[in-house]
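Please read the structure below before turning to the comments.
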Amino acid sequence: MRKNQFVIIGLGRFGSGIGSELIELGYEVLGIDKDEEMVDEMSSVLTHAVVADSTDEDVLRSLGVRNFDCGVIAIGDDIQASILTTILLKDLGVKKVVAKAVGELHGRVLEKIGVDRVVYPERDMGIRVAHQLVSPNLLDYIELSKDYTIAELAVPKCLCGVSLHELNPRAKFGCSIVAINKPEGIIIAPTAEDVLAEKDVLVVIGTNEQIEDFEEAIV
Ligand code: ADP
746 MRKNQFVIIG
756 LGRFGSGIGS
766 ELIELGYEVL
776 GIDKDEEMVD
786 EMSSVLTHAV
796 VADSTDEDVL
806 RSLGVRNFDC
816 GVIAIGDDIQ
826 ASILTTILLK
836 DLGVKKVVAK
846 AVGELHGRVL
856 EKIGVDRVVY
866 PERDMGIRVA
876 HQLVSPNLLD
886 YIELSKDYTI
896 AELAVPKCLC
906 GVSLHELNPR
916 AKFGCSIVAI
926 NKPEGIIIAP
936 TAEDVLAEKD
946 VLVVIGTNEQ
956 IEDFEEAIV
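For the sequence shown, the working numbering begins at 746 and goes up steadily by one.
And the structure:
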């Protein structure tokens with residue numbers, strides 16, 4: 746099966762980060778930026794990198810942008826360029842368009858003109874960092890819904906040598922441990938006999954409240 750091909754417009758910190766990672770993951774990436782310096786920096790990393798103004802429809806056509814499976818618009822500060830580029834990519838028929846928004850209103854406009862996914866990197870990172878600041882063991886988390894979360898928690902020293910039977914988070918807090926990520930490998934659906942050790946990471950699922958209670962108890 747042919748692998749998806751990506752076009753990234755705007756090779757600032759966000760766009761170049763996505764592009765480099767997609768290349769690492771084995772995908773083909775065309776990068777576009779109107780700034781020659783940005784393009785020079787990324788030309789040895791990406792499959793192709795070109796200097797072009799993405800608000801120029803003819804340029805996008807000549808680059809064959811419509812043949813790409815996914816377009817990422819990583820233009821932040823120039824909201825007008827972000828919006829015009831979004832409309833052009835949608836009109837050209839790019840199947841999936843993802844765009845970065847610098848603020849709530851920018852995001853709302855992008856949604857109204859049909860972006861498939863709006864991302865708010867600064868806001869989302871700010872929220873993540875705030876969570877990590879108040880929960881020292883929290884490494885990462887995914888919000889499953891407004892109420893439910895999957896959290897990755899570093900095992901604190903006080904839990905080393907403790908079995909899941911002794912910890913018993915389900916009975917004490919209502920949340921469940923779905924995996925233990927150990928340096929030697931991940932244990933999915935661990936049993937009551939599994940014992941925690943230093944450098945282990947717990948993957949916990951539950952309501953936000955249950956996870957918070959559990960985190961507080963294991964600090
Ligand atoms: P970041 O915060 O990710 O660095 P920026 O908004 O600073 O994001 O960077 C966006 C990039 O998008 C810049 O490198 C800029 O040159 C590029 N860019 C802005 N407008 C256009 C445009 N019309 N066509 C192509 N590239 C553009």
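Quick reminder that beta carbons are idealized off the backbone N, C-alpha and C, glycines included. Note that the structure is a prediction, hence the values are computed from the model and not measured.
Item checked: Whole-angstrom distance between G871 and A899, CA atom to CA atom -> 20 Å
Note to self: Let's see if you can read the secondary structure: which residues bound the alpha helix (DSSP H) around G973?
What the structure shows: Nothing can be reported for residue 973: it is not among the residues displayed for the chain, which extend from 746 to 964.
Next item on the list: Indicate whether the contact test is met: 3 or more Cβ pairs, each with one atom in the segment 943-950 and one in the segment 881-900, closer than 8 Å.
Entry: yes
Next item on the list: Tell whether a beta-carbon distance below 8 Å holds between V842 and D861.
Entry: yes
Next item on the list: Leaving aside the five residues before and after T830 along the sequence, list all residues of the same chain whose C-beta is less than 7 Å from its C-beta, in chain order.
Entry: I754, S799, T800, I818, I820
Notebook entry, point to check: DSSP three-state call for L883: helix, strand or coil?
Noted result: strand
Checklist line | Same chain, Cβ closer than 6 Å to D945, neighbours up to 5 away in sequence not counted | finding: V900, I925, K927
Item checked: E938 versus C920 - alpha carbon distance -> 18 Å
Check: Given I956, which residues of its chain have a CB within under 7 Å of its CB, disregarding the five upstream and five downstream residues?
Finding: T894, A896, C920, V949
Notebook entry, point to check: At a cut-off of 7 Å, is F959 close to the ligand ADP when judged by its beta-carbon and the heavy atoms of the ligand?
Noted result: no
Next item on the list: Verify whether the separation of the beta carbon atoms of V795 and L756 is less than 8 Å.
Entry: no
Next item on the list: State the Cα-Cα distance for the pair I922 and L775, rounded to the nearest angstrom.
Entry: 41 Å
Next item on the list: May I ask you to check if the CB of R868 is nearer than 7 Å to at least one heavy atom of the ligand ADP?
Entry: no
Next item on the list: Just the C-alpha distance for V940 and L878, rounded to the nearest angstrom, thanks.
Entry: 27 Å
Check: Taking Cβ positions, are L724 and E802 nearer each other than 8 Å?
Finding: Absent from the structure is residue 724, since the part of the chain shown begins at 746 and ends at 964.
Check: According to the Cβ coordinates, are A797 and L808 closer than 8 Å?
Finding: yes
Notebook entry, point to check: Regarding I925 and the ligand ADP, is the C-beta to nearest heavy atom distance less than 7 Å?
Noted result: no
Next item on the list: For the beta strand (DSSP E) containing I932, list its first residue and its last residue.
Entry: 930-933
Item checked: Those runs of the beta strand (DSSP E) which lie wholly inside the segment 835-889 and span at least 3 residues -> 841-845, 862-864, 883-888
Notebook entry, point to check: Which first and last residues belong to the beta strand (DSSP E) in which E773 is found?
Noted result: 773-778
Checklist line | Outcome for A846 when other beta-carbon atoms lying within 10 angstroms are tallied against a minimum of 16 | finding: buried
Check: Using a Cβ-Cβ cut-off of 7 Å (strictly less than) and excluding sequence neighbours within five positions of N749, which residues of its own chain qualify?
Finding: Y772, D814, C815
Notebook entry, point to check: Can A942 and C903 be called in contact, C-beta distance under 8 Å?
Noted result: no
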